[in-house]
Every structure is written in C-alpha cells, then in structure tokens.
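K.L.:
Pasting a structure here, questions to come.
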Amino acid sequence: MPKLPPMSDPVLKPHQYWIRPANGQATFLADYTEFFEGCAREQLPLRLHRLCRSDIVARPRLAADFVAIMLKTAPYHGSHQNALATWRNVFRFLEDRTDLPHVESIADFNEIHGESFKQWLFDARLTQSGYRRFKAIVDAYFLDRFQRPSPLAARDKDQLTDVAEPDLVALQRLSLVLRHEARAQIQMMSEGAALG
C-alpha cells in the first residue's frame, strides 16, 4: 500500500489543516478549533495562561477568514505561532470592547477597531508587533478579497528617546585627569623598580 502524503491524513479533526510553508520548510499541523468552537482558558497550554486571561469565545466566520488567509499565505511554523497569538489577542480585544461596531468577518474591521486595538495592546502592556501582525493579516485579507489595502492605520513608530548631548568640556577634563593618573602610576612603577 502506498504511503499517503501528509496532506491527505485521514485523522484530521474538523478545524485542523496541514500547512506547507511557502518558504519550503517542513509541513506542520495547524489547529484552529479554539477560534471556531471557543476555548476555556484552562484548556490552553500552561505557557499561554499568562497571555490569555480569559476564555476565547467562538466566532466561526472570523475564524474561517483567518484560516483562509493562513492557508493562502502559508507562513512558516514560527510565524504561524505568532499569528495564532495575535489572533487570540484579537478575540480577547473584541470581547473586552463590546462598545465598538460588531465584527463578524475580517472585512468588518475599520479604523476605529485599529486605533482601539493599538490602545488595548498598550494598556495590556503588549508590544506593537502584535498590531503589526494584526494589520498584516487584515491587509492580506483585504488585498485578496477587495484588491485594496485595509483601512487600518499603520502602526505607531517606536518612540525615539532623546539622547543627551555629550558634555565635551567634562569629557576633556576627564581625559586630562585620567592621563595624569596614568603618568603618576608609571612614575610609581619606575620608582619601585629602581628601589628593588
């Protein structure tokens, strides 16, 4: 009996897919059940408990859009894991911010959601890379479906810290003091050698 390729594995559950990365890395199994059926926080792996502070509520249409983009873009395993973490945050954000317009599909995201998500990430002490990944997923969906970029704003640039101007006079004085100290050390060494 011929060996079946991994893409036709008969034991896949309803929301599991094989992803063959576009960059040629190894094929891996992706499970999206938590987005389609919801997931209690306790069912997530322990390493995710710190990031997911609440249950994930099922949003099947939003999950289907996400899966379609993941299958189309075929990210490598590490990038896929980052996308899953970002999408969990999106689901948490939508549960926390019920005051925003309702989202059933990725097509429903607009500028208000983008700005609110950026603020939510900041308040949750999460990095801007989460917004960058979210925007990349939404942009990929809009480009595929509508042939235009999404209405989401670009991520905020990282805040530049002001570098203090060096005090050149103080540096010059420090240099003079250090040179004087070095000369004194050399003189003591030569006097010690002359005595011994």
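Plus 30 on top of the position in the sequence shown (first one is 1) and you've got this note's numbering.
Glycine included, every Cβ here is placed at the ideal spot set by N, Cα and C.
Predicted, not measured: the structure shown is a model, and the values here were computed from it.
Tell me the DSSP secondary structure of Ala212 in three-state form.
P.N.:
helix
K.L.:
If you pair each beta-carbon of the stretch 132 to 144 with each one of the stretch 196 to 211, do three or more pairs fall below 8 Å?
P.N.:
no
K.L.:
Pull the bridge partners of Gln46 from the DSSP assignment, please.
P.N.:
Asp61
K.L.:
Taking the DSSP output, what are the residues bridged to Ile86?
P.N.:
Cys69
K.L.:
Taking the alpha helix (DSSP H) that Asn112 falls in, what are its first and last residues?
P.N.:
107 to 126
K.L.:
Please return the same chain residues whose Cβ sits closer than 8 Å to the Cβ of Leu190, not counting the five positions on each side in sequence.
P.N.:
Bear in mind that the predicted position of Leu190 carries a pLDDT of just 48, short of 50, making it unreliable; the figure below should be weighed with that in mind. For Leu190, where only same-chain residues beyond five positions count, there are no Cβ hits under 8 Å.
K.L.:
Label Glu64 either buried or exposed according to how many other C-beta atoms from any shown protein chain fall within 10 Å of its C-beta, with 16 as the threshold for buried.
P.N.:
buried
K.L.:
Measuring straight from C-alpha to C-alpha, what distance separates Thr116 and Gln55?
P.N.:
22 Å
K.L.:
Would you kindly check if the distance between the Cβ of Ile167 and the Cβ of His110 is under 9 Å?
P.N.:
no
K.L.:
For Gln149, name the three-state secondary structure that DSSP assigns.
P.N.:
helix
K.L.:
Evaluate the contact criterion for the stretch 123 to 131 versus the stretch 146 to 154: three or more CB pairs, one atom per stretch, below 8 Å.
P.N.:
Cβ pair count under 8 Å is three or more, so yes.
K.L.:
Specify, as a first and last residue, the run of the alpha helix (DSSP H) that Ala194 falls within.
P.N.:
It is not in any alpha helix (DSSP H) - Ala194 carries neither H nor E in the DSSP assignment.
K.L.:
Determine whether the beta carbon atoms of Gln158 and Arg122 lie at a separation below 9 Å.
P.N.:
no
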